[in-house]
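Engineer:
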């Protein structure tokens, strides 16, 4: 069992040895050919994690971040680091809320919504697949390198957006900005996990999310102050973001300095192979094999084929009759997915994910939960804002605050649960309790969106939904990081979890759109006369202005909207069943005071699991019963 101390004291590869190896290869010594992929000594593969009988190669980025963590063991250092992470997260969180508001102004100005819709599809695919690329690169080239690259993309994209004179330039800036934002988000999450032990992992994961609690209330005031100057509203973050990154940059440079000072000869140069290999060999070995370029390309194609039709078609039945929507979806599932799995299993030397990860019930169950979290929420939440305005006669401001109560309560509750888990050291009971809260909350929403919608009941139900989410959303992420057992794969598994999370959002939005577009017109035309129904369906906001609360036409519209929202809540409630089933199959590891369970004795981990995991207890009883029958 390789402990953290053992791995950090391994002898580094000497560059002179690498040069001699290359000369030997070039001269054909010992009968070998000059195949750099198979014979070149590798600076990226001199340390490994051992989990049971499996060995996982550590990249230089992982080795270095473990050394940095040793230097930042003092509480004051960790407070400085996490405050720096909070500061960067605060800026991009505020930017996202403000930029979302100004996107509608730019769309109206450029008068080209079709291209912007295409860009939104690209953003969805990048948000899902891009996390893998950033996570994999950070394991090899280091967290700091990837974070710096992401910040540069973020700034360039922001500048292009604010200076755009047409929709094409604005779209190009949007793509670069989104790619940079994804990189910053995944790197902050990974760094927060790198510097936290397992029992502190949940609390640390909420640090980048905490700014939302503040920004959701103040972003409206900022947009009011800026007014119509959308270029300034977007462009100001091109210099606010670099300023916010200064404390984090100082921490990263300081810990690297301490590592060079205190661990002389152990800190790895993430680009050392570039100095030794030829450019061609470097590209082939690092980018093609270690980054698994083919696997990543297939993954992007898979997510593109699956997600773009879902985003473009939404819930419109007419779109789903179009072969241009159906064919990519079929190709993604039937062609690209088998090719991707075959390549990862047979062709990739360093696959993005190995089969033993997917086969582990603790990891697979967590991924199923990740899918259903946003799937269920988007089923009930996509049209909730409109329903509140029409059915419950709420203003835009009130509807915004009510719908935001879910996220607000989730973050506050989750942060407090993170403090509890520091002592409790278990995740599974909290996850199951949180899902139980979702059952209750969705049942209450079905009731309160009945014949006579009740505003306080709806608000309370959404708060209960947020309470449940605080118990199990980020907690499941901590569970899958514990189940992976090795620090070498933590970043990639975190990216996988978040990618499945995004896929759930797209599928949930598509299904909620299908239910909405099929049920709402029928219900409106049943509860209202034909002329009123046509006007109400075409422009509901204008209709409620002309038909005050309590009028017969308004009552008919309220009934229709309330009915459809109730059906959405019923469907969401049904899909909580597989959510609960997956939670029962999670592993209930004890969260030790270490970055990964690789540093804990394997026998101790298995013995603890047998005592505290229900599935393991059932398996042991069946095994004992079978052995007893065999003896008879």
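Residue numbers (the UniProt record's numbering): 1 to 632. Each residue gets a CB set at the ideal place from its N, CA and C atoms; glycine is no exception.
#1: For residue 253, count neighbouring Cβ atoms within 10 angstroms of its own Cβ and tell me buried if that reaches 16, exposed if not.
#2: Quick one: measure Cβ to Cβ for residue 90 and residue 211, integer angstroms, because I've assumed they're closer than 8 Å.
#3: Cα-Cα, which of 170, 120, 511 is closest to residue 377?
#4: Please work out which residues of its chain come closer than 7 Å, Cβ to Cβ, to residue 422, disregarding the five sequence neighbours upstream and downstream, and give them in chain order.
#5: Less than 8 Å between the CB atoms is what I'm expecting for residue 493 and residue 500, so what's the real figure, rounded?
#6: Looking at the secondary structure, which residues open and close the alpha helix (DSSP H) in which residue 372 lies?
#7: Would DSSP call residue 592 helix, strand or coil?
#8: Please list, in chain order, all residues of the same chain as residue 476 whose beta carbon is under 7 Å from its beta carbon, the five residues on each side excluded.
#9: Taking residue 633 as part of the alpha helix (DSSP H), name the residues at either end of that continuous run.
#10: Quick one: Cα of residue 191 to Cα of residue 412, how far?
#11: Considering just the uninterrupted stretch of the alpha helix (DSSP H) at residue 197, what are its terminal residues?
#12: Taking the alpha carbon of residue 406 as the reference point, which residue from 535, 464, 447, 399 has its own alpha carbon closest?
#13: Give the straight-line distance between the Cα atoms of residue 425 and residue 590, rounded to the nearest whole angstrom.
#14: Looking at the structure shown, is residue 584 part of a helix, part of a strand, or coil, going by DSSP?
#15: Please give the ranges of any beta strand (DSSP E) in the region 463-499, keeping only runs that are unbroken, at least 3 residues long and fully inside the region.
#16: From what residue to what residue does the alpha helix (DSSP H) around residue 557 run?
#17: Starting from residue 301, follow the alpha helix (DSSP H) in both directions and report where the run begins and ends.
#18: Are residue 479 and residue 586 touching if we call contact CB-CB under 8 Å?
#19: Compute the Euclidean distance between the alpha carbons of residue 295 and residue 206, then round it to the nearest angstrom.
#20: Among 312, 482, 287, whose alpha-carbon lies nearest the alpha-carbon of residue 138?
#21: Under the assumption that residue 225 contacts residue 184 (Cβ atoms under 8 Å), give the Cβ distance between them as a whole number of angstroms.
#22: For a test of the three-state rule: what should DSSP assign to residue 608, helix, strand or coil?
#23: For the alpha helix (DSSP H) that contains residue 64, what are its first and last residues?
#24: Using 8 Å as the threshold, is the C-beta distance between residue 248 and residue 84 below it?
#25: Please classify residue 187: does DSSP put it in a helix, a strand, or coil?
#26: If you follow the alpha helix (DSSP H) that residue 350 is in, where does it begin and where does it stop?
#27: How many whole angstroms separate the CB atoms of residue 358 and residue 328, which I take to be in contact at a CB cut-off of 8 Å?
Structural biologist: So, from the data block:
#1: As a working mapping, residue 253 is identified with position 253 in the chain shown. Result: exposed.
#2: Here residue 90 refers to the residue found at position 90 of the chain shown. Here residue 211 refers to the residue found at position 211 of the chain shown. Rounded, the Cβ-Cβ distance is 4 Å, consistent with contact.
#3: For the purposes of this step, residue 377 is taken as residue 377 along the chain shown, with counting starting at 1. It is 511 whose Cα lies nearest to the Cα of residue 377.
#4: By 1-based counting over the chain shown, the position of residue 422 is 422. Excluding residues within five positions, the ones whose Cβ falls inside 7 Å are 199, 200, 203.
#5: Here residue 493 is taken as the residue at index 493 of the chain shown, counted from 1. Here residue 500 is taken as the residue at index 500 of the chain shown, counted from 1. Residue 493 to residue 500, Cβ: 11 Å. No contact.
#6: As a position in the chain shown, residue 372 is number 372, starting the count at 1. Its alpha helix (DSSP H) spans residues 361-381.
#7: On the chain shown, position 592 is the one that residue 592 refers to. It is coil, neither helix nor strand.
#8: Here residue 476 corresponds to residue number 476 of the chain shown, with the count starting at 1. Cβ within range, chain order: 366, 369, 370, 431.
#9: With the chain covering 1 to 632 only, the question about residue 633 has no answer from this structure.
#10: Along the chain shown, one-based indexing puts residue 191 at 191. Along the chain shown, one-based indexing puts residue 412 at 412. Distance between the alpha carbons of residue 191 and residue 412: 21 Å.
#11: On the chain shown, position 197 is the one that residue 197 refers to. From DSSP, residue 197 is part of no alpha helix (DSSP H); its letter is neither H nor E.
#12: Indexing the chain shown from 1 puts residue 406 at position 406. If we check each option's Cα against that of residue 406, 464 comes out closest.
#13: The count along the chain shown starts at 1 and reaches residue 425 at position 425. The count along the chain shown starts at 1 and reaches residue 590 at position 590. So the alpha carbons of these two residues sit roughly 5 Å apart.
#14: The count along the chain shown starts at 1 and reaches residue 584 at position 584. In the structure shown, residue 584 sits in a helix (DSSP, three-state: H, G or I).
#15: none
#16: What you label residue 557 is simply residue 557 of the chain shown in a count that begins at 1. Under the DSSP assignment, residue 557 falls in the alpha helix (DSSP H) whose first and last residues are 552-574.
#17: As a first step, residue 301 must be located in the chain shown, where it is residue number 301. It spans 293-313 - the alpha helix (DSSP H) in which residue 301 sits, taken as one unbroken run.
#18: Translated into positions along the chain shown, residue 479 becomes position 479. Translated into positions along the chain shown, residue 586 becomes position 586. A contact, by the Cβ cut-off of 8 Å.
#19: In the chain shown, the residue the question calls residue 295 occupies position 295. In the chain shown, the residue the question calls residue 206 occupies position 206. If I take the Cα positions, the gap works out to 31 Å.
#20: Looking up residue 138 in the chain shown gives position 138. For residue 138, the nearest C-alpha among the options comes from 287.
#21: Along the chain shown, one-based indexing puts residue 225 at 225. Along the chain shown, one-based indexing puts residue 184 at 184. That belief does not hold up - the Cβ atoms of residue 225 and residue 184 are roughly 25 Å apart, past 8 Å.
#22: On the chain shown, position 608 is the one that residue 608 refers to. DSSP places residue 608 in the helix class (H, G or I) of the three-state scheme.
#23: Here the question's residue 64 lines up with position 64 in the chain shown. Where residue 64 is concerned, the enclosing alpha helix (DSSP H) stretches over 60-71.
#24: Translated into the one-based positions of the chain shown, residue 248 becomes position 248. Translated into the one-based positions of the chain shown, residue 84 becomes position 84. Yes.
#25: Taking the first residue of the chain shown as 1, we reach residue 187 at position 187. The three-state secondary structure of residue 187, taken from DSSP, is helix.
#26: In the chain shown, residue 350 corresponds to position 350, counting from 1. Residue 350 -> no alpha helix (DSSP H), and no H or E assigned at all.
#27: By 1-based counting over the chain shown, the position of residue 358 is 358. By 1-based counting over the chain shown, the position of residue 328 is 328. Not a contact, Cβ separation roughly 25 Å.
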